[in-house]
Amino acid sequence: DAEIEKYKKSMHKAFAECDLLSREISKIRQQNAKKMQNNVIEMLQRLGMEHAVFEIQFNDVELSATGRDAIQFLIRTNVGYPLQPLEEVSSSGELSRIMLSLKTILAEVLDNHLLVFDEIDANIGGQTAVLVGTYLKKLADHYQIVCVTHLASIASKADQHLAIRKVLKQDGTVSVIEVFSKTDRVKELERMLGGYNS
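If you read the sequence shown in the working numbering, its first letter stands for residue 1312, the second for the next number, and so on.
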């Protein structure tokens, strides 16, 4: 009984310390969330979502290994609509730009030097694709960018252009990577614009 009582006291003390620390962490998260919200909104506006509003909502939950916060991303992409959960209202084209914004902001915080964007151009085109391509080009001044794209307006901004192709061989299908010279790159961009195989 004495041992059990000793461990109960130890457990209550540890829980009280965790509870105090989790509240401090929550305050830091909420302070940084305000900065992040503003940065995301600014980036989304640069990427053609002029009326976007982004908010990080905090809900207090039971203490766990990740703290006491349940965090939800809310967004409004069009004027006249309320803020709603990101996963419920965003189109795939909007999600592409939101992910581009979040990855960029997190790269600055986490000191990442390599950013990989796999089909960040999903369901965007025209002027929006040009804005995304231009933004990625500027981002490449500070980070190594690897971007998988099907849009010539994005691929044309790259310093190095590679094509990944599937080739049939006797023992099955293999993927090969082709590095383009300047002349071949122009032909590949023409092919991407025209949608035909050369």
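Each residue gets a CB set at the ideal place from its N, CA and C atoms; glycine is no exception.
Cβ pair residue i, residue j closer than 9 Å
| i | j | result |
| --- | --- | --- |
| S1402 | N1434 | yes |
| I1597 | S1464 | Because residue 1597 is not part of the residues shown, which for the chain are 1312 to 1509, the question remains open. |
| M1322 | S1412 | no |
| Q1383 | L1397 | yes |
| F1369 | Q1341 | yes |
| V1487 | I1475 | yes |
| L1462 | G1483 | no |
| I1367 | Q1395 | no |
Cβ-Cβ separation, residue j to residue i (assumed contact under 8 Å), whole Å
| i | j | result |
| --- | --- | --- |
| R1379 | V1372 | 6 Å |
| F1473 | V1490 | Note on identity: in this sequence residue 1473 is Leu, with Phe being the wrong assignment. About 6 Å separates the two Cβ atoms, so the contact holds. |
DSSP three-state assignment for residue i, whether helix, strand or coil
| i | result |
| --- | --- |
| G1378 | strand |
| G1483 | strand |
| A1325 | helix |
| E1398 | helix |
| Q1455 | strand |
| E1501 | helix |
| L1462 | coil |
Close beta carbons around residue i, own chain, < 8 Å, minus the five adjacent residues each side
| i | result |
| --- | --- |
| L1442 | R1357, L1358 and G1359 |
| N1350 | S1412 and I1416 |
Buried/exposed call for residue i, threshold 16 Cβ in 10 Å
| i | result |
| --- | --- |
| G1444 | buried |
| Y1446 | buried |
| E1405 | buried |
| A1363 | buried |
| I1339 | exposed |
| E1399 | exposed |
| I1315 | exposed |
Cβ shell of residue i (< 7 Å), same chain only, five flanking positions each side left out
| i | result |
| --- | --- |
| R1496 | H1472 |
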